Structures are given as C-alpha cells and as structure tokens.
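Numbered per full-length UniProt numbering, the sequence shown spans residues 1 to 131. Virtual Cβ for every residue (Gly too), placed ideally from N, Cα, C. Predicted model only: the values in this text are computed from it and were never measured. I have placed the structure first, in the form of structure tokens, so that the comments after it can refer back to it.
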Amino acid sequence: AKGYIEGLEMLASMRLCANVPAQHAIQTALGGYHSISEFITPGGRLYEQRNRAWELINDIPGVSCVKPRGALYMFPKIDAKRFNIHDDQKMVLDFLLQEKVLLVQGTAFNWPWPDHFRIVTLPRVDDIELS
Numbered sequence: 001a002k003g004y005i006e007g008l009e010m011l012a013s014m015r016l017c018a019n020v021p022a023q024h025a026i027q028t029a030l031g032g033y034h035s036i037s038e039f040i041t042p043g044g045r046l047y048e049q050r051n052r053a054w055e056l057i058n059d060i061p062g063v064s065c066v067k068p069r070g071a072l073y074m075f076p077k078i079d080a081k082r083f084n085i086h087d088d089q090k091m092v093l094d095f096l097l098q099e100k101v102l103l104v105q106g107t108a109f110n111w112p113w114p115d116h117f118r119i120v121t122l123p124r125v126d127d128i129e130l131s
C-alpha cells in the first residue's frame with residue numbers, strides 16, 4: 001500500500017501545482033474578456049512565445065524538449081553526462097547566478113533524475129530571445 005500511495009502522490013505532484021488558480025485568473029489579468037483563440041493561434045502571443053522558446057531550447061546542443069500543447073511551461077531534458085550535472089538544484093542556482101535566468105529543477109516536480117528543468121513560456125518573445 002505504501003508504494004501505491006507514493007505513486008499517487010507523485011502523480012498528483014506532477015499534475016497539480018500552485019499555479020492552477022493563476023491559470024484560471026489569466027483572463028482578468030489580461031484586462032477582461034479575451035478569447036483564448038486570439039492568444040493560441042498562429043500570430044497569437046502565447047503561440048509565438050511557446051514556439052520561439054521551444055525552437056531556442058532545441059537549438060542548444062545537449063538539450064531537447066517536446067513542444068508543449070497547452071501548458072504555459074516547458075520541461076526540457078538536458079544531457080546530464082555531457083554537462084556533468086549530478087545535482088539539478090545546484091545547476092539551476094548556478095544558472096541563476098551566472099545568467100540571471102530563473103529555472104526550476106526537475107526534481108522539484110518529483111522527476112527522479114537530475115536531467116530536466118522547467119521554464120515558463122510567458123515572457124515576451126524579445127525577452128525569451130535575450131534569455
């Protein structure tokens with residue numbers, strides 16, 4: 001039973017997060033009624049931000065990511081052997097200090113290996129390209 005409960009907790013942690021209420025409040029935050037279609041179709045802000053972030057992440061040798069299909073974040077995989085990463089928490093802290101870009105380590109989402117990180121795709125395209 002213990003393994004079953006741990007498995008359920010892991011699945012819940014991967015699917016539920018503190019950001020869920022914010023995702024429901026996004027319409028008001030964007031200034032009132034907006035059709036989500038204008039944001040997620042080609043030319044829409046969220047669509048373009050997601051695509052540009054995905055392109056840039058996949059252009060980095062040793063980093064790969066599946067294109068998100070509705071999420072406002074990405075969960076790229078990094079080649080831990082290539083970059084000699086054993087502690088993803090240290091990796092994201094070092095990256096923050098050196099590059100001034102905030103990532104979240106994959107182990108924070110119950111990912112068992114130090115080979116993923118999470119980033120949001122909400123910044124404007126110019127900011128994504130700068131980062």
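Asked, Found
"Between Phe109 and Ser13, how many whole angstroms is the CB-CB distance? I'm expecting something under 8 Å.", "6 Å"
"Are Val125 and Arg52 touching if we call contact CB-CB under 8 Å?", "yes"
"I'd like the span of the alpha helix (DSSP H) that includes Phe39, first residue to last.", "Ser37 to Ile40"
"If you draw a straight line from the alpha carbon of Val66 to that of Tyr73, how long is it in whole angstroms?", "11 Å"
"If you drop the 5 nearest sequence neighbours on each side, which residues of the same chain put their C-beta closer than 8 Å to that of Gly44?", "Ser37 and Glu38"
"Exposed or buried, Gly106, counting other C-beta atoms within 10 Å across all chains shown (16 or more means buried)?", "buried"
"Could you check where the alpha helix (DSSP H) with Phe83 kicks off and where it finishes?", "Note, Phe83: premise wrong, no alpha helix (DSSP H); not H, not E."
"What did DSSP end up calling Phe75 once you bin it into helix, strand or coil?", "coil"
"According to DSSP, is Ser64 part of a helix, a strand, or is it coil?", "strand"
"Determine which residues share a DSSP beta bridge with Val104 and list them.", "Arg118"
"Go ahead and pull the three-state DSSP assignment for Gly70.", "coil"
"Cβ atoms of Val101 and Ser131: under 8 Å apart, would you say?", "yes"
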